[in-house]
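Undergrad: Structure in structure tokens, see below.
Residue numbers (my numbering): 75 to 358.
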């Protein structure tokens, strides 16, 4: 996740990642696309051979300080930019965990059900920051509409033929009432080239061509796990990245942000005066 800058993105050499020990600077990440492994007992932010983003330490071995990359207000519509090293169809989900309320622990339980709502597919940008033309017949960069049955999903456009290195930019809505100095946003990319997540058949059947080429229509296997089928877990997807015939490859990442309540942004004396302000018109 390039924006808001995630722990993984910050660790790349072009950002804050370093090769020599420096306080407050993470170890350089040289496999920024290797986010398909996670230890859900320790967190929800993935583990690579260079960094453990669940137990994130700087290059001297000390815990990295929590540093919000963006500051929001409850209910904000936020921009999320995903740099896709490999396109395997599928969709993006953004989930939040309030560390103030969770005691600093961000296991899957903290994130369960706390989805941001997908609002809009803004478009796809190349590495030079140029917006791809949706009318380009060679790629068909059509914007993906919301999924009314799964409002948390931001579907990726263009399909597997899109290539790699592009930035897929979407907007998501932060729920009202979400506030805190330490909010962890979990970015998850659920692929759809080995099985079809629930709802894909219905979603794509309501779209015309070339949208039909944006998913693997021949996949009959539904992505699910037994605990989801018997109602003992919330997510149909594994939290550790394990994959198989009925389980898609899944990528994890996390970004540190801050969110304020709307009322917290209004000076209290002014807020009090507003509440006491008499009406200047007759009641209807």
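Positions of the beta carbon are idealized from the N, C-alpha and C atoms, including for glycine. Quick caveat, the model's predicted, so the values are computed rather than measured.
Quick one: what's got a C-beta closer than 6 Å to residue 53's C-beta in the same chain, skipping five residues either side?
TA: It is not possible to answer for residue 53, since the shown part of the chain is limited to 75 through 358.
Undergrad: Considering only residues of the segment 279–328, which uninterrupted beta strand (DSSP E) runs meet the minimum length of 3 residues and lie entirely inside it, listed in chain order?
TA: The segment 279–328 is shown to contain no whole beta strand (DSSP E) run of 3 or more residues.
Undergrad: Buried or exposed: which applies to residue 265, given that a residue is buried once 16 or more other Cβ atoms fall within 10 Å of its Cβ?
TA: With a 10 Å radius around the Cβ and a threshold of 16 neighbouring Cβ atoms, residue 265 comes out buried.
Undergrad: On the DSSP bridge list, what partners appear for residue 192?
TA: 246
Undergrad: Got a sec? Which residues, its chain only, sit under 7 Å from residue 132 by beta carbon, not counting five neighbours each side?
TA: 97, 98, 99, 100 and 138
Undergrad: What are the boundary residues of the beta strand (DSSP E) that includes residue 259?
TA: 254–264
Undergrad: Based on the DSSP secondary-structure assignment, which residues constitute the bridge partners of residue 157?
TA: Residue 157 is bridged to 241.
Undergrad: Can you name the residues that DSSP bridges to residue 228?
TA: 166
Undergrad: Scan the segment 78–142 and note each continuous alpha helix (DSSP H) run of 4 residues or more that stays entirely inside, going in chain order.
TA: 81–84
Undergrad: Are residue 257 and residue 333 close, meaning C-beta to C-beta below 8 Å?
TA: Yes. Within cutoff.
Undergrad: Could you give the first and the last residue of the continuous beta strand (DSSP E) run that contains residue 147?
TA: 145–147
Undergrad: If the criterion is Cβ atoms closer than 8 Å, does the pair residue 135 and residue 128 meet it?
TA: Their beta carbons are not under 8 Å apart, which means residue 135 does not touch residue 128 by this criterion.
Undergrad: Count the other CB atoms, across all protein chains shown, that sit within 10 Å of the CB of residue 210; report buried if there are 16 or more and exposed otherwise.
TA: exposed
Undergrad: So, do the segment 260–278 and the segment 315–322 have three or more beta carbon pairs nearer to each other than 8 Å?
TA: yes
Undergrad: Would you call residue 356 buried or exposed, if buried means 16 or more other Cβ atoms sit within 10 Å of its Cβ?
TA: Per-residue confidence for residue 356 stands at a pLDDT of 39, beneath the threshold of 50, marking its modelled position as unreliable; no derived number is given.
Undergrad: Please report how far the alpha carbon of residue 200 lies from the alpha carbon of residue 237, in whole angstroms.
TA: 11 Å
Undergrad: From the DSSP output, in three-state form, read off residue 268 for me.
TA: Residue 268: coil per DSSP, three-state reduction.
Undergrad: Output the distance between the C-alpha atoms of residue 77 and residue 206, rounded to the nearest integer angstrom.
TA: About 18 Å.
Undergrad: What are the boundary residues of the alpha helix (DSSP H) that includes residue 211?
TA: Counting along the chain, residue 211 falls outside any alpha helix (DSSP H), and DSSP gives it neither H nor E.
Undergrad: For the alpha helix (DSSP H) that residue 182 lies in, which residues bound it at each end?
TA: 182–185
Undergrad: Please list, in chain order, all residues of the same chain as residue 195 whose beta carbon is under 6 Å from its beta carbon, the five residues on each side excluded.
TA: 217, 218 and 244
Undergrad: When you compare each of 212, 224 and 335 to residue 168 by their alpha carbons, which one comes out closest?
TA: 224
Undergrad: How big is the Cα-Cα spacing for residue 283 and residue 302?
TA: 32 Å
Undergrad: Contact check, residue 259 vs residue 331 under 8 Å by CB: the rounded distance?
TA: 6 Å
Undergrad: Name the DSSP bridge partner or partners of residue 277?
TA: Answer is none; residue 277 lacks a bridge partner.
Undergrad: I'd like to confirm the pairing. Which residues does DSSP put opposite residue 333 in its beta bridges?
TA: Listed as beta-bridge partners of residue 333 by DSSP are 146 and 254.
Undergrad: Based on the DSSP output, what are the partners of residue 205 in its beta bridges?
TA: 199
Undergrad: With a CB to CB cut of under 6 Å and the five nearest residues on each side skipped, what residues in its chain are close to residue 313?
TA: 114 and 182
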